[in-house]
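Chains as they are written, first to last, in my numbering: chain A, 1 to 319; chain B, 320 to 400.
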């Protein structure tokens, strides 16, 4: 017991046995930790790729949950709830597939394909259409909360112009990161397609020729206004074939959740080092011991910034 | 401490700028990795310069900063993949 106590003191506190520098801060210990993390990183990566059911990404996002949480927000704001539309779900599915296939994270693809192409391609003749994107989230509630926290996405979700919605939830590798992608296509149909008698609808249209209004949430809250009297016709990319029904859900419950596990280990180590450095600085200052080492404050600041970095990296993103 | 204030201000400004850069390129893994590596290299160079200007630089100190910088990169890359 005494030996263990001595060993812990030797590891964590400056004293004569460790030349007045905690053993964990010695060069050989730091080198060992670096090597250990390189090894752990490769082991985690191998296990994740080989046995994703053991070490994978835990997630529970379904279209039904997304719809429920979205409609809750709409009803809280006095708006009519949206209904799920298979054509919009088809469009969202095409968009997600196109994003993974072409490796981009944007509303407009590098080849110029806009969201409206997918919506039209799915057979949905829209009067209004909008798109929200999310990646890196693991629950439907987190996705909806993130969209609601962004003014432009919130505007899309709470727009009275939309009556229907379609969701796609897919997993894949996007811009180098394995991620869960959520695509939300919002819309309301052109009067000619609606269930209401066409004559009555024509009367309430603002112009004699229906003009599609398209909205993309951007940081500047830019609304892409009607661009022509007819719906936009982008250069059509290669046709994407999609199945007729869309099961929009990603539900996985691996034994160990890789993101939270790696985050806990990374932040745990960084906090541990900060604590050791602070204790070391206090003891050395009190005892007035002179030694040739790096400044503890430098290390502490750097490690705090790394903790912030890990927290930032762990968050989902919306577009 | 007061004579070091400018060094720390420069360090914090550059590192926080990198954090904002990370947030703005959050979807690109290669850029993320590059920024993390830059942050560590800047930390090592800044710390060595700091000690050199105060005539307290030694081989042991250089190795310590390199190891802490390397540890930071490895730990963050362990998390982001």
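Beta carbons: idealized from backbone N, C-alpha and C, even for Gly. Small disclaimer: the values here were computed from a predicted structure and weren't measured.
Taking Cβ positions only, does residue 263 of chain A come closer than 9 Å to chain B? Counted from its first residue, the first chain places residue 263 of chain A at position 263. Taking Cβ atoms only, chain B reaches closer than 9 Å to residue 263 of chain A, which makes this a yes.
Under 9 Å between beta-carbons, which chain A residues line up against residue 341 of chain B? List them in chain order, please. Working through the second chain from its first residue, we reach residue 341 of chain B at position 22. Those are 309, 312 and 313, listed as they occur along chain A.
Thinking residue 141 of chain A and residue 121 of chain A are a contact (beta carbons under 8 Å), I'd like their distance in whole angstroms, please. Here the question's residue 141 of chain A lines up with position 141 in the first chain. Here the question's residue 121 of chain A lines up with position 121 in the first chain. About 31 Å separates the two Cβ atoms, so there is no contact after all.
Taking 6 Å as the limit between beta carbons, can you name the residues of its chain near residue 250 of chain A, skipping five residues before and five after? Counting from 1 along the first chain, the entry for residue 250 of chain A is found at position 250. Cβ neighbours of residue 250 of chain A beyond the five flanking positions: 59, 61, 169, 171 and 180.
Sub-9 Å separation of residue 347 of chain B and residue 175 of chain A beta-carbons: For the purposes of this step, residue 347 of chain B is taken as residue 28 along the second chain, with counting starting at 1. For the purposes of this step, residue 175 of chain A is taken as residue 175 along the first chain, with counting starting at 1. Yes, these two residues count as a Cβ contact at 9 Å.
Can you name the residues that DSSP bridges to residue 317 of chain A? Along the first chain, read from residue 1 onward, the residue named residue 317 of chain A stands at position 317. Partner(s): A/135.
What residues from chain A crowd round residue 399 of chain B, counting only those whose CB sits closer than 7 Å? In the second chain, residue 399 of chain B corresponds to position 80, counting from 1. By Cβ distance, chain A contributes 313.
Can at least three beta-carbon pairs, one atom from the stretch 15-32 of chain A and one from the stretch 104-112 of chain A, be found at a separation below 8 Å? no
Output needed for residue 382 of chain A: all residues of its chain with C-beta closer than 7 Å, excluding positions within five of it in sequence on either side, in chain order. Residue 382 of chain A is absent from the model: chain A starts at 1 and stops at 319.
Rounded separation between residue 219 of chain A and residue 318 of chain A - CA only: In the first chain, residue 219 of chain A corresponds to position 219, counting from 1. In the first chain, residue 318 of chain A corresponds to position 318, counting from 1. Unreliable placement is indicated for residue 219 of chain A, whose pLDDT of 36 sits below 50; the coordinate value is still reported in the next sentence. Whole-angstrom Cα-Cα distance: 11 Å.
Nearest-angstrom beta carbon gap, residue 391 of chain B and residue 359 of chain B [assumed within contact, 8 Å]: For the purposes of this step, residue 359 of chain B is identified with residue 40 of the second chain, where counting begins at 1. For the purposes of this step, residue 391 of chain B is identified with residue 72 of the second chain, where counting begins at 1. Residue 359 of chain B to residue 391 of chain B, Cβ: 5 Å. Contact.
Going by C-alpha distance, which of A/6, A/22 and A/7 is nearest residue 13 of chain A? Here the question's residue 13 of chain A lines up with position 13 in the first chain. The shortest C-alpha separation from residue 13 of chain A is found at A/22.
Which term fits residue 198 of chain A, buried or exposed, when burial requires 16 or more other beta carbons within 10 angstroms of its beta carbon? The sequence position of residue 198 of chain A within the first chain is 198, counting from 1. Since pLDDT at residue 198 of chain A reaches only 35, below the 50 mark, its modelled position is unreliable, and no value is offered.
With a cut-off of 9 Å, does the C-beta of residue 366 of chain B fall near any C-beta of chain A? Counting from 1 along the second chain, the entry for residue 366 of chain B is found at position 47. It does; some Cβ of chain A falls within 9 Å.
To which residues of the same chain is residue 315 of chain A closer than 8 Å at the C-beta, ignoring the five residues directly before and after it? As a position in the first chain, residue 315 of chain A is number 315, starting the count at 1. Same-chain partners within the cutoff: 136.
Determine the closest residue to residue 42 of chain A out of B/326, B/343, B/394 and B/388, with distance taken between C-alpha atoms. As a working mapping, residue 42 of chain A is identified with position 42 in the first chain. Nearest of B/326, B/343, B/394 and B/388 to residue 42 of chain A, Cα basis: B/394.
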